[in-house]
Amino acid sequence: MDRGTDNPEPTRTGAFSRTGSLGSSLRKRSFSVSSSVSYRIDDDIGSEAVSEAGDIGDRALQSNRHSVSSSCRLSLDLAMEGGSVIHPEDLHKVSVASPVPEDVTSPLPVYPLKGPGDEKQEKQGLPMSLEYISCLIHLAVFGILGVFTRYLLEKLFGPSLLGVTSNETIVYPNLPSNMVGSFLMGWWGVVFKGDISQVSDILAIGLTTGYLGSVTTFSGWNQKMLDLSVDGHWVQAILGFLIGLFLVAYSIIFGIETAKGFRWILKKLNTRSEKGVPSSNCNWTLNSSRRHLVAMLILLLVLGVLLGVSGLLLKEEFSSGSSGAQLWLACLVGPFGVWIRWFLARLNGRGLGKSGILRWLPFGTLITNVSAACIMAGLSTIEKSVNIKNFDTVANGIQLGFLGCLSTVSTFIAEFNAMRESKHPWRAYLYASTTMGISFVLGILIFNVPVWTKGFT
Numbered sequence: 001m002d003r004g005t006d007n008p009e010p011t012r013t014g015a016f017s018r019t020g021s022l023g024s025s026l027r028k029r030s031f032s033v034s035s036s037v038s039y040r041i042d043d044d045i046g047s048e049a050v051s052e053a054g055d056i057g058d059r060a061l062q063s064n065r066h067s068v069s070s071s072c073r074l075s076l077d078l079a080m081e082g083g084s085v086i087h088p089e090d091l092h093k094v095s096v097a098s099p100v101p102e103d104v105t106s107p108l109p110v111y112p113l114k115g116p117g118d119e120k121q122e123k124q125g126l127p128m129s130l131e132y133i134s135c136l137i138h139l140a141v142f143g144i145l146g147v148f149t150r151y152l153l154e155k156l157f158g159p160s161l162l163g164v165t166s167n168e169t170i171v172y173p174n175l176p177s178n179m180v181g182s183f184l185m186g187w188w189g190v191v192f193k194g195d196i197s198q199v200s201d202i203l204a205i206g207l208t209t210g211y212l213g214s215v216t217t218f219s220g221w222n223q224k225m226l227d228l229s230v231d232g233h234w235v236q237a238i239l240g241f242l243i244g245l246f247l248v249a250y251s252i253i254f255g256i257e258t259a260k261g262f263r264w265i266l267k268k269l270n271t272r273s274e275k276g277v278p279s280s281n282c283n284w285t286l287n288s289s290r291r292h293l294v295a296m297l298i299l300l301l302v303l304g305v306l307l308g309v310s311g312l313l314l315k316e317e318f319s320s321g322s323s324g325a326q327l328w329l330a331c332l333v334g335p336f337g338v339w340i341r342w343f344l345a346r347l348n349g350r351g352l353g354k355s356g357i358l359r360w361l362p363f364g365t366l367i368t369n370v371s372a373a374c375i376m377a378g379l380s381t382i383e384k385s386v387n388i389k390n391f392d393t394v395a396n397g398i399q400l401g402f403l404g405c406l407s408t409v410s411t412f413i414a415e416f417n418a419m420r421e422s423k424h425p426w427r428a429y430l431y432a433s434t435t436m437g438i439s440f441v442l443g444i445l446i447f448n449v450p451v452w453t454k455g456f457t
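Going by full-length UniProt numbering, the sequence shown opens with residue 1, and the numbers climb by one from there.
Dropping the structure here:
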């Protein structure tokens, strides 16, 4: 707008002219600084939301999903589900209470989105200490089920049955489980995550962090590429990382798209209201402390049965050194890997230092994947140097259970997909390259070098 047209004194000279010029300059600078600060804040919020797309650990229990960060996570999930790209400047405009367009998402016919009137029900949960215990129980149970699933998929697609995977090719044994887990992450971790949380937030954590995080494993993937490289198959090892990343990345995309289609079908089948908005009555929702307590006790009983059966079968088969003995040991140590990964996930979205630099990088997931890969490489080195049957059983059981549950591909690929859909898609590939590069290089130092120098076979 022309400032001169509204000014009763269009011409000014001397000090008045300089003062007006100075004021205009200050206003421009103030606006520029304000815009710059606003952009940095929005960019930080977007980086934090993208970094937290996979998991935020026990912070999910503490925040009660009413913080700004949680609002951004919800907005990001909705955008990922809708197949649209969300930018940092749009993240701060959407809150949990804000209306969401129907073309982006709609709730399932039985689980409505939370509204302001549901706060009373949310407050009827367990005390914080019991909620932590309940969450740990859920993680342990679903983690053991994830170990079972990964083991069965490895046997199903392995050389003894379907013959799809092999230790000597880039189609490594854990590739099917990583693809299945990433596909289901698109369903349970992106599209239907809010609906599952309507039943129970802890159930959502158990399914995504516990089950899917244990079905998939990054440490096993990295170790198989090290096994190829130690024999001189460097091209196959590099292709194993690239093709493996492409397959799991497309698996979560395929999962999101099919889940959106299934949601659309459910919405069409919902005839309880004109707009397809379901009624607020849901008998499955854990909206009271009594229901939470009953669910916790049931899961505790299931956990006791799983651990008891695994312990008895391990005692019977340990001396044989069979794969069954490795599985039962894996079920006993698997929950510890899930718990550590869940606690370290609180580092996601926090960045480094007080200023929180590199907030877009999920340090929790990065640390767990790299550390699990290094520990697995160390165990593989010791396993080659010590030819003892019982040690092989223990080492393989720890690799299958503890390290397989400590590392994850489902959370990793959810973060990768969120970064790819953000304003800075290059971060996704930098994040993947950093995770794989550090793990592979450290694995070469821990595993390959001793094998080459000592002549282990």
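Every residue gets a Cβ at the ideal spot worked out from N, C-alpha and C, and that includes glycine.
Note that the structure is predicted; figures quoted are calculated from it, not measured.
- Residue pairing for leucine 352: DSSP places it in a beta bridge opposite Ile357.
- Inside the segment 191-250, DSSP marks whole alpha helix (DSSP H) runs of 4 or more residues at positions 193-199, 201-205, 218-230, from first to last along the chain.
- Counting C-beta atoms within 10 angstroms of its own C-beta, threonine 434 has fewer than 16 neighbours from the protein chains shown and is therefore classed as exposed.
- Counting C-beta pairs closer than 8 Å gives three or more between the segment 336-350 and the segment 405-413, which meets the contact rule.
- Ranked by Cα distance from leucine 228, the first of Leu184, Met185, Thr169, Leu361 is Thr169.
- With contacts defined by Cβ atoms closer than 7 Å, threonine 217 and asparagine 270 do not form a contacting pair.
- A straight line joining the alpha-carbon of glycine 194 with that of glutamate 316 spans about 43 Å.
- In the same chain as arginine 150, and ignoring 5 residues on each side of it, the C-beta atoms closer than 6 Å to its own belong to Ser177, Val215, in chain order.
- It is roughly 23 Å from the alpha-carbon of valine 164 to the alpha-carbon of methionine 185.
- Residue burial annotation: phenylalanine 246 is exposed, with fewer than 16 other C-beta atoms found within 10 angstroms of its C-beta.
- Distance from the CA of phenylalanine 254 to the CA of tyrosine 431, rounded to the nearest whole angstrom, comes to 21 Å.
- Contact between leucine 61 and histidine 138 is absent: CB atoms are separated by about 11 Å, not below the 8 Å threshold.
- The C-beta distance from phenylalanine 142 to glycine 206 rounds to 4 Å, short enough to fall under 8 Å.
- By a beta-carbon distance limit of 8 Å, phenylalanine 447 does not contact leucine 301. Their separation comes to about 41 Å.
- Approximately 18 Å separates the beta-carbon atoms of phenylalanine 336 and threonine 393; this is outside 8 Å, ruling out the contact.
- In this structure, leucine 358 sits away from leucine 366, with a CB-CB distance that is not shorter than 7 Å.
- Shortest Cα-Cα distance from glycine 308 to any of Val333, Ile265, Met296 involves Val333.
- Short of 7 Å from the beta carbon of cysteine 135, and not among the five residues preceding or following it, lie these beta carbons of its own chain, in chain order: Leu61, Ile202, Ile205.
- For leucine 286, the secondary structure class from DSSP, reduced to helix, strand or coil, is coil.
- Methionine 436 is a Cβ neighbour of phenylalanine 241, given a cutoff of 7 Å.
- At a Cβ-Cβ threshold of 7 Å, lysine 268 and valine 191 do not count as neighbours.
- Taking C-alpha positions only, tryptophan 264 is separated from alanine 295 by approximately 30 Å.
- With a 10 Å radius around the Cβ and a threshold of 16 neighbouring Cβ atoms, proline 425 comes out exposed.
- Excluding residues up to 5 positions away in sequence, Thr165 lie with their Cβ nearer than 6 Å to the Cβ of valine 171 in the same chain.
- Its Cα nearest to that of proline 450, the residue Leu379 stands out among Glu421, Leu379, Leu400, Phe416.
- Judged by beta-carbon spacing, isoleucine 438 lies within the 7 Å limit of valine 370, meaning their Cβ atoms are closer than that value.
- The shortest CA-to-CA distance from alanine 345 to any of Thr208, Ile256, Gly232, Val199 is the one to Thr208.
- Shortest Cα-Cα distance from methionine 419 to any of Gly349, Tyr132, Ser219, Trp452 involves Gly349.
- Nearest to threonine 453 by C-alpha distance, out of Val230, Ser160, Ser129, Leu145, is Val230.
- If you draw a straight line from the Cα of glycine 244 to the Cα of glycine 220, it comes to about 12 Å.
- With fewer than 16 other CB atoms across the displayed protein chains lying within 10 angstroms of its CB, leucine 445 is exposed.
- A distance of 7 Å or more separates the beta carbons of leucine 306 and isoleucine 56.
- Valine 180 counts as buried, since no fewer than 16 other beta carbons sit within 10 angstroms of its beta carbon.
- Distances from the CA of leucine 293 to each of Phe148, Ala53, Tyr132, Thr368 were compared; the closest alpha carbon is that of Tyr132.
- Annotation for leucine 156: the continuous alpha helix (DSSP H) segment containing it runs 128-157.
- With a cutoff of 7 Å on beta-carbon distance, alanine 53 and glutamate 415 are scored as near each other.
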